[in-house]
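Below is one structure, written out as structure tokens, with a few remarks after it.
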Amino acid sequence: MLTDLGTVNEILEKHGYQRASLIGILQDIQSRMNYLPRKALLHLSRCLDIPLAEIYEVATFYKAFHLEPKGRHTIQVCLGTACHVRGSRRILSYLESLLEVKAGGTTKDLSFSLETVNCLGACALGPLLVIDRKYYGKMSTNRMEEILKKYR
Amino acid sequence: MSPHLKTISELRSFRENLKRSRDPRSPCITVCSGTGCQACGALEVLEAFREKIREMGVNQEIEIRATGCHGFCERGPLVVIRPQKICYMNVSPEDVSEILHQVAKGGGVIERLLYQDPMTKQRILYEEEIPFYKFQRRIVFGSNGEIDPTNIDDYIGIGGYQALEKVLSTMTPEEVIQTIKASGLRGRGGGGFPTGIKWEACRRAKGREKFIICNADEGDPGAYMDRSLLEGNPHSVIEGMLIGAYAIGSEEGYVYVRNEYPLAVSNLSCAIDQARAYGLLGRNILSSGLNFQIKINRGGGAFVCGESTALMASLEGRVGEPRAKYIHTVEQGLWNQPSNLNNVETWANIPLIINRGVEWYSSIGTEGSKGTKIFSLVGKINHTGLVEVPMGMTLRQIIFDIGGGIPKNKRFKAVQTGGPSGGCLPEALLDLPVDFDRLQEAGSMMGSGGMIVMDEDNCMVDMARYFVQFLEEESCGKCTPCREGLYQMGRILNRICRGEGREGDIELLEDLSLVMLESSLCGLGLTAPNPVLSTLRYFRDEYEAHIQERRCPAKFCRELISFSIHPEKCTGCGACAKVCPAQAITGERKKVHLLESQKCVKCRACFEACKFDAVIIS
Ligand SMILES: Cc1cc2nc3c(=O)[nH]c(=O)nc-3n(C[C@H](O)[C@H](O)[C@H](O)COP(=O)(O)O)c2cc1C
Ligand code: FES
Numbered sequence: 498m499l500t501d502l503g504t505v506n507e508i509l510e511k512h513g514y515q516r517a518s519l520i521g522i523l524q525d526i527q528s529r530m531n532y533l534p535r536k537a538l539l540h541l542s543r544c545l546d547i548p549l550a551e552i553y554e555v556a557t558f559y560k561a562f563h564l565e566p567k568g569r570h571t572i573q574v575c576l577g578t579a580c581h582v583r584g585s586r587r588i589l590s591y592l593e594s595l596l597e598v599k600a601g602g603t604t605k606d607l608s609f610s611l612e613t614v615n616c617l618g619a620c621a622l623g624p625l626l627v628i629d630r631k632y633y634g635k636m637s638t639n640r641m642e643e644i645l646k647k648y649r
Numbered sequence: 037m038s039p040h041l042k043t044i045s046e047l048r049s050f051r052e053n054l055k056r057s058r059d060p061r062s063p064c065i066t067v068c069s070g071t072g073c074q075a076c077g078a079l080e081v082l083e084a085f086r087e088k089i090r091e092m093g094v095n096q097e098i099e100i101r102a103t104g105c106h107g108f109c110e111r112g113p114l115v116v117i118r119p120q121k122i123c124y125m126n127v128s129p130e131d132v133s134e135i136l137h138q139v140a141k142g143g144g145v146i147e148r149l150l151y152q153d154p155m156t157k158q159r160i161l162y163e164e165e166i167p168f169y170k171f172q173r174r175i176v177f178g179s180n181g182e183i184d185p186t187n188i189d190d191y192i193g194i195g196g197y198q199a200l201e202k203v204l205s206t207m208t209p210e211e212v213i214q215t216i217k218a219s220g221l222r223g224r225g226g227g228g229f230p231t232g233i234k235w236e237a238c239r240r241a242k243g244r245e246k247f248i249i250c251n252a253d254e255g256d257p258g259a260y261m262d263r264s265l266l267e268g269n270p271h272s273v274i275e276g277m278l279i280g281a282y283a284i285g286s287e288e289g290y291v292y293v294r295n296e297y298p299l300a301v302s303n304l305s306c307a308i309d310q311a312r313a314y315g316l317l318g319r320n321i322l323s324s325g326l327n328f329q330i331k332i333n334r335g336g337g338a339f340v341c342g343e344s345t346a347l348m349a350s351l352e353g354r355v356g357e358p359r360a361k362y363i364h365t366v367e368q369g370l371w372n373q374p375s376n377l378n379n380v381e382t383w384a385n386i387p388l389i390i391n392r393g394v395e396w397y398s399s400i401g402t403e404g405s406k407g408t409k410i411f412s413l414v415g416k417i418n419h420t421g422l423v424e425v426p427m428g429m430t431l432r433q434i435i436f437d438i439g440g441g442i443p444k445n446k447r448f449k450a451v452q453t454g455g456p457s458g459g460c461l462p463e464a465l466l467d468l469p470v471d472f473d474r475l476q477e478a479g480s481m482m483g484s485g486g487m488i489v490m491d492e493d494n495c496m497v498d499m500a501r502y503f504v505q506f507l508e509e510e511s512c513g514k515c516t517p518c519r520e521g522l523y524q525m526g527r528i529l530n531r532i533c534r535g536e537g538r539e540g541d542i543e544l545l546e547d548l549s550l551v552m553l554e555s556s557l558c559g560l561g562l563t564a565p566n567p568v569l570s571t572l573r574y575f576r577d578e579y580e581a582h583i584q585e586r587r588c589p590a591k592f593c594r595e596l597i598s599f600s601i602h603p604e605k606c607t608g609c610g611a612c613a614k615v616c617p618a619q620a621i622t623g624e625r626k627k628v629h630l631l632e633s634q635k636c637v638k639c640r641a642c643f644e645a646c647k648f649d650a651v652i653i654s
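As structure tokens, then:
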């Protein structure tokens, strides 16, 4: 854990210990540590002199933050309007039953986190699925198993 | 190499030199590298070009340029051969050496990569002759396809920062504001507020310092023009902000970018760094006395943060909750100082107005809405992509002439504009000219320019439910009408879609809508009933079919449909059984298959897999 707090200090340093940069700091912590560990938040609270509750308020308000460890791979199903009219809801429920996890959750073996997003700006390719930043366009339920195989 | 330009005349001569050193007739291959094309493999194509050029060695004079989004995302990766502007579509790395050989020879075209007219089967050679582009007027978005967004010289070379030059050398701040006012430019972020009037109010407001903010939160799910502009032409936004800073008297600017747009963030940061190195941002810019710097803030994935007061709270590192606007943000915004917020596309219009003049600009568009608007034409449409058209073009022209109509010969049903605050417009309104006021009269909105086309297979009640649930999730929860109203509307719409709707539900939805329209705190709640009200206005019969007959006319709502296999149409190919995740389909090869409805999870996989229309939805 010591090294982890070192990372947090580095990030704080970069942002000049500014309270106004809280969101940016949390974003950086998450991208380095994959989620927001409680210890890191406690540390932030002390260093920035912000009540822990306030940090949690921000961390739970914004969808981008996670308080639990995420899986090795992140699957994002786009539920933006364009993808919705092309049937992305069905893709999601199919995935939910295939992975036995609800949207927002992580599989028990920590291999996949299933998330939803609202428009990734590639609407032409809808319904859109993104796994670890790789885009899979024009998705249909019958292509899914084969794609997931690559990540298992 | 980067020159630090100290005066306006240095910038001018730098541009002249650039223009002289660049021969517009020399061959250049542009590869679209926007997010859409990247998702189709544009980076692999780009890499293949670079590698092949290296291999060929002798042909160093062919320039390969990675550009921003060209708009025709449906057919990516897009490659344009310049100067002729031959447009190739769906290019793959295997096509690369053939293309290079043609270009090196100085002629010849590859037929199979050209656009093919679906009706006449004719191939079309040039970008501007393809129907998708032909009817557009790409004054803001057009340069995207020409320049490398990570190279400031490309932007300067096509006349970039000329508007800044003009403003700094010949205009007073008041004259700039008068010009923007006279142009009739209205905000492109949704509300359509006159930009010049906002600037003027911010200039007059008193404060210790003033802030200029660019709203790149682009929350409308299904719209992505702001992203494409920031990715493809970030300097046009920076130049717009610089002019705003001069006119309003601000030294500090912010761009609030959506978290889901990594490429936009990196291209914009690169552009800001380059502008600073060139002396176009920083202190005493071009010796004019203007100081201005720009910072980027990434959002945290909350739709409500697109709202002005919530956005400013978020910039301060707090929870993005809106406040009541007794005092406008132009008076007291970020850190309680006068702040001027405009949308990305609004900022990108500014240099254009300064360069080409009020008369030219206000000749485009309609009485109350000047200039062009970029729309993202998506959903059930043949030519998906970003289109820029003059205000006042009809929905029919946009959807059918530019968008090429509805795929698979399906019937057009509705178009949704304005995102979650907008509404669905039916076929009868296809001849409506699109501008701020006409859309509002029809019960929808311009919004940020999302245009989602729906066909006969889409259920309008489901559409209303989609937006209500989206907003329910995104409501910050501060005010009761929005928080509770959306929750209750969501419940009612859910039960209607499940076939459990009750008599009186429609009236209840209307009552709830009225309360929300009257008493919500911010724009989110104030416009949230629009998707419900507009579908009720134009598609009331669909609601009634769900409630009274327990039937979904579009055969979309899961609880109201069942799947079966038509015994006469089934050839026994087994495609359906193979894709069924629930093992609900059985049957021997070449014999009629059977679907057990108890096991069926209604995922539609079989319906999509069957080539013989033997899977029936009833
Ligand atoms: C809930 C809500 C979300 C909004 N989202 C955006 C957005 O994503 N992008 C945007 O430019 N404006 C958005 N707006 C509009 C802004 O509040 C503001 O009017 C606009 O950025 C002003 O710039 P403009 O005058 O150039 O349009 C939103 C408004 C509301 C109420
Ligand atoms: S709606 Fe899915 S990418 Fe835009």
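If you read the sequences in order, they're chains A and B.
Reading the first sequence from the start, the letters are residues 498 to 649 in this note's numbering.
Reading the second sequence from the start, the letters are residues 37 to 654 in this note's numbering.
Every residue gets a Cβ at the ideal spot worked out from N, C-alpha and C, and that includes glycine.
Keep in mind it's a predicted model, so treat the numbers as computed, not measured.
8 Å Cβ cutoff met for residue i and residue j
i	j	result
B/L562	B/L553	yes
B/V67	B/P129	no
B/A338	A/K560	yes
B/Y282	A/C616	no
A/H540	A/V505	yes
Residue i, enclosing beta strand (DSSP E) - first and last residue
i	result
B/L326	326 to 334
B/F171	It is not in any beta strand (DSSP E) - B/F171 carries neither H nor E in the DSSP assignment.
B/T66	64 to 68
Chain B within 8 Å of residue i, Cβ atoms only
i	result
A/K511	no
A/K560	yes
A/L607	no
A/R649	no
A/I628	no
A/M498	Caution is warranted here: a pLDDT of 46 is assigned to A/M498, below 50, making its placement in the model unreliable, and the coordinate value is therefore given only provisionally. Not closer than 8 Å to any Cβ of chain B, the Cβ of A/M498 fails to qualify, so no.
A/A537	no
A/Y654	The requested residue 654 of chain A does not occur in the structure, where chain A is confined to residues 498 to 649.
A/S542	no
A/H581	yes
Any chain A beta carbon closer than 8 Å to residue i
i	result
B/C460	no
B/T71	yes
B/N418	no
B/F648	no
B/F575	no
Residue i in three-state terms, based on DSSP
i	result
B/V293	strand
B/T365	coil
B/C609	coil
B/R18	In the structure as shown, chain B starts at 37 and stops at 654, and residue 18 of chain B therefore has no counterpart that could be examined.
B/R118	strand
B/S286	coil
B/Y151	strand
B/N376	strand
B/Q476	helix
A/F573	As written in the sequence, residue 573 of chain A is Gln, which differs from the Phe given in the question. DSSP places A/Q573 in strand when its eight states are reduced to three.
B/K141	helix
B/E508	helix
B/E275	helix
A/G521	helix
B/P250	Inspection of the sequence shows that residue 250 of chain B is occupied by Cys rather than by Pro. The answer is strand: DSSP assigns B/C250 an E or B state.
A/A619	coil
A/M498	Note that A/M498 has pLDDT 46, beneath the 50 cutoff, so the model's placement of it is unreliable and no number is given.
B/F448	strand
B/F599	strand
Residue i - containing alpha helix (DSSP H), residue span
i	result
B/F643	641 to 645
A/V555	549 to 558
Contact belief for residue i with residue j at Cβ below 8 Å, rounded distance in angstroms
i	j	result
B/R222	B/F472	6 Å
B/I279	B/S375	With a Cβ gap of about 17 Å, B/I279 and B/S375 do not count as contacting.
A/L626	A/I588	7 Å
B/K635	B/A618	5 Å
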